[in-house]
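As C-alpha cells, the structure follows; a few thoughts come after it.
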Amino acid sequence: FSVGYQRLRGKHCLFPFGFHCTGMPIQASAEKLKREMEEFGFPPKFPETTNEDVEREKEKLAKSKESESSKVDSKFKSKKSKAAAKSTGDKYQWQIMRSIGMDDDEEIRKFADPKHWISYFPSVVKQDLELMGLKVDWRRSFITTDANPFYDSFVRWQFHHLKEDGRIQFGKRYTIYSPKDKQPCMDHDRSSGEGVGPQDYTLIKLRIHDDHIPEKLKSHITSTTQGVYLAAATLRPETMYGQTNCWIGPEITYIAFETRLHGILICTRRAARNMAYQEFTNTYGQYTVLAEFVGSELFGLPLHAPYSHYKTVYVLPMMTIKEDKGTGVVTSVPSDSPDDFAALTDLKNKANLREKYGITESMVLPYDPVPIIQLDPYGNLSAPKICEEMKIQSQNDQDKLVKAKEIIYTKSFYEGILLVGKYANTKVSEAKKLVRDDLIKNGDGCIYQEPEGKVKSRSNDECVVALVDQWFLDYGNAEWKEETKRALAQMNVYNNEARNQYQGVIEWLHEYACSRSFGLGTKLPWDKQYVIESLSDSTIYMAYYTVAHLLQGRDSFNGEKLGPANILPTQLTSEVWDYIFFKEKSYSSLTTDIPRATLDYLRNEFQYWYPVNLRTSGKDLIPNHLTYSIYHHTAIWPKHPELWPRSFCATGLLLLNSEKMSKSTGNFLTLSQAIDRYSADAMRITLANAGDSIEDANFEEEVAEAQLLRLSTFIEWAKEVLDINLHELASENPSSPTTRKSSSEDHSTVVSSVINWVKHKLHVSSDSTNEEFSEHQKLTYRTDKNYTYYDQVFESRMNRAIKLTEENYEKMLFKDVIKTGFFELQIARDNYRDSCAESEKMNLHLLKKYIEVQTILLSPICPHICDYVYQFLYPGTTIMNAKWPIAGEVDESLIDSYNYLTDTAHDFRLRYKSYTTQQTNPKSKEIKAQSHLTPTHGTIYVAKSYPSWQTFVINELKQLYSSNNKILPDNKQLSSHFKDRKEIDKKYVKKLMPFVIYSKELVEKSGNIESLDQHLSFDEFEILRINQDYLRRTLNLEEINICSADENENNQLMLTNFEDILPGKPLIYFRHEETIPIRFINRQPYSSHFEYSIPVMKGDTIEKLELRLRRHGDHQLKANKSIRLFYFQNWEFYTRTLPNITTPLQGLEEFQNKNQVLQIDSRHGTLVMGDQDIGNVLVYFVE
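Note that full-length UniProt numbering has the sequence shown beginning at 1, numbered continuously upward.
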C-alpha cells in the first residue's frame, strides 16, 4: 500500500521481497518426515486417531498456552506464538503437508531433504503474491543460508566485521537450550514459547539438620558429603532475613541428587534437569536420582535457613505451589509476602489442617512475621497489613492474593527500605544485589536459571536453561546500546506503544547466542563447526537487496545463475563487499579482478537506494529481529547515521472472523483461497480495513463480501456516468473478447481495439484534450462550469478527502485511508446526488473529477479495479503512471454550512415524526390542535441573536474563561455559579444548564471564547433559503417558509418551545392544509408514462401542479424539459368515454397561464378554475 502511494507522489520506489529460511524449523520438519517414513513406511500408514486422543491433545495445548509467559508486554505478543498460530491440529508432519494441499506422496517424500523446502516454496509464494498484485521487483528476490552462495558471502562479510569490532564474544552464557538438539534454541527454533527468556533466580540452600536426614538418603551420606539441602528458588534474596518456614507441595514429587559443589539437593525433577545443564553435576546434562519423595514425606523436617531471625525453621505444606515453576521449594517470608502470610495464618488457625499433615504446634505457633522492610503506607509488616485491608481470609482467596502480591512486590522493590542486616537503611532496589552476592559468596546460595515459561523446540523437546560455550552478540555493550538508542530516536515507529517496546527491549537485551551446531544457515567464518542462527543472519539483508539483481540471474533465487554483473560468488571477498557498502574504501586498495566500472555500478545502486525508508513486520519481532536490525546497522555503518533505518512499522497478526486461524476448527483461509473467493482487490481493501496498529487485525469475510459489492457498484456507476456500455462492444467490434476467444498472438490487437472503442464512446482524442459529451450525458447532467452551492460543497469535500487521505497514507493508517479516501468520499458523492435529485442536475465535470480522484486515492489499495476505471477516463493510460491529485482550496465554512444543513434536516425529520405520532393535546399551545393528518406545510424559524438571559450566560462564561487561565470550569462548578441568579427568569431554570453545556462544547470545539458571539461561519438564514427546495423534498412537504424568530415575537405566545430557537439551532413548525387527490393521466399513444394520484390544495397554480407531477413521476418524467397540462371541457362525459388514439387531444383544453390559480371543492373532491368545475382528472402530455 505504501509503495503504491509513494509512486503516486512521484518517488522512485523499490519494494523487494526475499525468502528467509529459518534453518531449524525446516531441518526439524525434514527430520520428522524421515522418522515417519522409517516408522510407518512409505506412504506412511498412521495409527487411527480416536476422539479421546483429540480431546487429550486439545487439553495439552490449552495447558501449554496457559503456562506461556514472557518478558515481552502482552500487547506486543499475539494470542499464540507464531508456530502455535500456524498449528493445524494434525499430529504428523506428513499429515500437515497434506493439509496444505499436497496430495502427491512422492512429492511429500522429497521434503525429507531440507534443501527441497527452500527450492520448492519461493516460486509458489511468488505466484500467489503476483495474483494479489504485489508491486515487487522480483529481480531482487533471493533465499538465505549457504544454499545461496552470494547471500552466504554477504552474511560472512557482515559477521567478519562484527567480530573484528568486538561485537561478537565467546564464553559460557546462560541460554534457552534444547537437550535433544544439543544447541541453543532461539525464537525461530521454537514450536512454542517465542519471546521466553531465562529467569534468573537465587537458589537458597536450606540445610536439613544432620540428625533429621530422611531415611532414604542415609545410605548415600559419606564423610565428604557437604550436607543435604532443600533447594529454594527465590526472586527476592533480600527478604531472607524474614524467613519463618519453608513451603513444599503435599502431592508434588521431589528427588534428591548429588551436586559438585552444593552437597545433596532436594527439588523437583524438572529443576534438577535444568541444574544439570548449568554445571551443578559432575557430568554435564546428567543427574543421578538418589531418592524420590512425595512432598508430604518431608513435612516437619527442621532446617537451617540462612539469615533467618529463627535458628530453626520447619518444612510446612502449601497447596498452591506449582511443579512447573521454580524448584517446587519456596522460602516463607510472611512479613512481606501476602501468600506466605495467608498460608501461615491458615496453619496457625486450623488445628485439623496441622493434624492432617503431621505438623505440631511447636513448628508453627511460635513463628510470627519478622519486620524487615519499611514500606509506606503499610509500615514494617506490609503483608499482614494489606491482607487486613483487602479482607483476605485464607490462602484460598487467590484473586485477592494475586492483586495484593502485585501491589506489595512492585512497591517494595522501588520504595522499600531494608531495616535489618548488613545493609540496613538501604533501598531494597539497591540491597537486593548486595545481599545476593553475599549469599553466593558465603556458600548459602547460588545462581539458578530456568525458562520464564514452557519452551518447546521444533523437535518437540522441552527446553532448559543451559550454561554453554557459545558465540554471542554482545548487545549489552553500553556504547553499542547508546548508539542503538540514538538510531531509534531518529526513526519513525508509527506509535508510542511500539517505541516504548523498542526502548524496553534495548534496556534488557544483553548477550544473545548467534550460533548453533546444526541446521540450515551460514557457517561462522572463523569457527565452521557452528552455523549462524536465523535471527542473526537477517539483520541488514536490506542492503543486499540493492545489488541482488546484479549478482543473481532473474528468478534464480538461490543464485545458481549469474546476474548481469557476471560476478562469481568466490570473487566476493570481504574487501569487495567493503568497496560496495563503504564509500571510504578505494578501488586501488582491492585485490580483485572485477572491473572497477562493475563494482562502481553496484556501489551506486546501494548509495541510491539506501537507507531503508520503511520496513514492515509483525509485532512479535520487536523483541528480536527488528531491534537486532537497528543494532547491526549502527555497528556496520557507525560513522554514517544517514544509512541507518528511517522507519519500522510493526503490526499485529491476523485474525479471521474475530478468531485465530486454525485448520482444525475450519477457521482458515489461504491467500489464494481469499483471492479466488473475493478477488484480489476486495481482499486487499478488507485487509486494509482490518486494522493498522500493533493490535491483531481482523479479516471478516462478511466485510470482504460487502467490499466486493461496493467496488462492483462503483464500477457500474462510473460506467453509467461516463455513458459506457461494454456490451455494445460485442455487436460493434468483431474482435471483442466477448464475441470470440483471443489467442496470445492477437491479444494486443484486441486490447487496442477495446481502447479505441472506449475512446470513441467517450468522444475523446488520445490526448484527452478535446472533451465532448454524449447526448445522453447532456440530457442527464449539467455540463457548464458555473458551479452551484451543491457543486462547491462537493468539490470542497473532495479536496478535503485528498488532504486527509494523504495524511493517513503518510502515517500508515490504512483503515483511515479507506475511511477518508473511500467511504467518506462515497458519502460525499451520495449526498451530492441526493441534493441534486430534483431541483438541479449533477455537474458532469465534477463527477468525472470525482471518478478520477476516487480511483487514484484508492489505487494503492485496489490497483486492478482502479486501473480498469481509470482507463475509462484516459483510454490506453495506466494508473500506474498517474500522479497524486493536487487538492484545491477546502472551504471549511462551506462544508460547515452543508453539515449544518444535513444536521438540521435530520432534526426536522425527527420533529416531523414526532408531529405525526404524538397524541392530540387540547392544552397544547400549538396554533390549532390537529388530528393525525399528514403535514403539508412547514415554517422554519431562525434566530439571529440570543435572548437576554442567554446573553447574560455568555457574558458570564467569557469572564470565567478569562479568570480561569482560558479554561471553563467543570459542569458542577458552572451549575453552582449560575444557581439562583436573579438575571435569569425562573421559567428558564430547566433550560439553563443544557444551554451552558451547549455553549461550553462550542468553546471547546473551536478553542476560542469568541465563538459564542458568532459561532457560525456562514449566513444561517441564507443557507436555509437557498436549500428551501431540498428541505421541502426531504420532509415530503408541499411548501416551506423561512422566518426570522427575532421578527416574529408574537408567535412566542402561540408556539411551543419558541425560546429554544438559538443561532445555529432553528426550529420547524408543521401544519396540515386541506388537499384533494387529483388523477393525472397520460393520453399519448404508445406512451410508457404512468397515471399518478397527486394532492392538490387551495391556491395552487398550474406551475406548482407541474412541479408536483415531476416530483411524483418517474426518472424519465423528471428529465423531460416540457410538460403540457390539460383539463376536460366536459369532464363528466369524457372520463366515461374511451379515448381515441388518433385524436388524443379531443375534448381537452390546455391551461394557457401557468400562474392560473385553482381552488378546490372539498365536498365533491374536484378542482375549480374561476367559476368552472373542471373535475378530478387532469391530462398531461410530455414532449
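Glycine residues also receive a C-beta, built at the ideal position from the N, C-alpha and C atoms.
All values derive from a computational prediction rather than experimental measurement.
Assigned exposure category for residue i - 16 Cβ within 10 Å defines buried
i            : result
residue 319  : exposed
residue 632  : buried
residue 1188 : Within the shown structure, residues of the chain are numbered from 1 to 1183, placing residue 1188 beyond reach of any answer.
residue 212  : exposed
residue 666  : exposed
residue 706  : exposed
residue 1025 : exposed
residue 8    : buried
residue 1008 : exposed
residue 768  : Caution is warranted here: a pLDDT of 43 is assigned to residue 768, below 50, making its placement in the model unreliable, and the coordinate value is therefore given only provisionally. By the neighbour-count rule (16 or more Cβ atoms within 10 Å), residue 768 is not buried but exposed.
residue 27   : buried
residue 501  : buried
residue 190  : buried
residue 334  : buried
residue 1099 : exposed
Beta-carbon contacts of residue i that lie in its chain and below 8 Å, excluding the five residues immediately before and after
i            : result
residue 168  : 159, 162, 471, 472, 473, 474 and 514
residue 204  : 231, 232, 233, 234, 237, 240, 305, 306, 331, 439, 444 and 445
residue 1154 : 1101, 1102, 1103 and 1106
residue 35   : none
Same chain, Cβ closer than 6 Å to residue i, five either side skipped, listed in chain order
i            : result
residue 1151 : 1102 and 1125
residue 1168 : 1159 and 1161
residue 1041 : 939
residue 170  : 471
residue 274  : 450, 464 and 465
Neighbourhood of residue i by C-beta, 7 Å cutoff - its chain only, sequence neighbours within 5 removed
i            : result
residue 1105 : 1096 and 1125
residue 412  : 336, 373, 375, 382 and 428
residue 835  : 790 and 1030
residue 1085 : 1141 and 1144
Cβ distance (whole Å) where residue i is taken to contact residue j below 8 Å
i           : j           : result
residue 183 : residue 516 : 4 Å
residue 863 : residue 4   : 6 Å
residue 465 : residue 198 : 5 Å
From the options, residue whose alpha carbon lies closest to that of residue i
i            : options                : result
residue 1181 : 478, 952, 912 and 1145 : 1145
residue 209  : 783, 304 and 220       : 304
residue 900  : 942, 889 and 873       : 942
residue 1037 : 1112, 1022 and 1008    : 1112
residue 686  : 614, 679 and 699       : 699
residue 533  : 146, 97 and 896        : 146
residue 200  : 1059, 1178 and 449     : 449
residue 1029 : 940, 956 and 1083      : 940
residue 325  : 314, 272 and 300       : 272
Alpha-carbon spacing of residue i relative to residue j, whole angstroms
i            : j            : result
residue 233  : residue 331  : 8 Å
residue 871  : residue 132  : 20 Å
residue 1183 : residue 1127 : 17 Å
residue 389  : residue 403  : 12 Å
residue 1188 : residue 103  : The structure shown has nothing for residue 1188, since the chain only spans 1 to 1183.
residue 833  : residue 25   : 57 Å
residue 721  : residue 781  : 9 Å
residue 387  : residue 327  : 26 Å
residue 82   : residue 207  : Because the pLDDT of residue 82 is 40, which lies under 50, any placement of that residue in the model is unreliable, and the number read from its coordinates should be weighed accordingly. Whole-angstrom Cα-Cα distance: 44 Å.
residue 172  : residue 223  : 32 Å
residue 1196 : residue 977  : Here the chain comprises residues numbered 1 to 1183, so residue 1196 is not present and cannot be evaluated.
residue 931  : residue 714  : Note that residue 931 scores 49 on pLDDT, short of 50, meaning its location in the model is unreliable and no value can be drawn from it.
residue 138  : residue 547  : 13 Å
residue 322  : residue 260  : 27 Å
residue 1174 : residue 1090 : 21 Å
residue 983  : residue 812  : 54 Å
Distance cut-off 6 Å: residue i Cβ against heavy atoms of the ligand MN
i           : result
residue 990 : No copy of the ligand MN occurs in the structure displayed, which carries no ligand at all.
is_contact[residue i, chain D] using C-beta, thresh 7 Å
i            : result
residue 1134 : Absence of chain D from the displayed structure is noted, only one protein chain being present.
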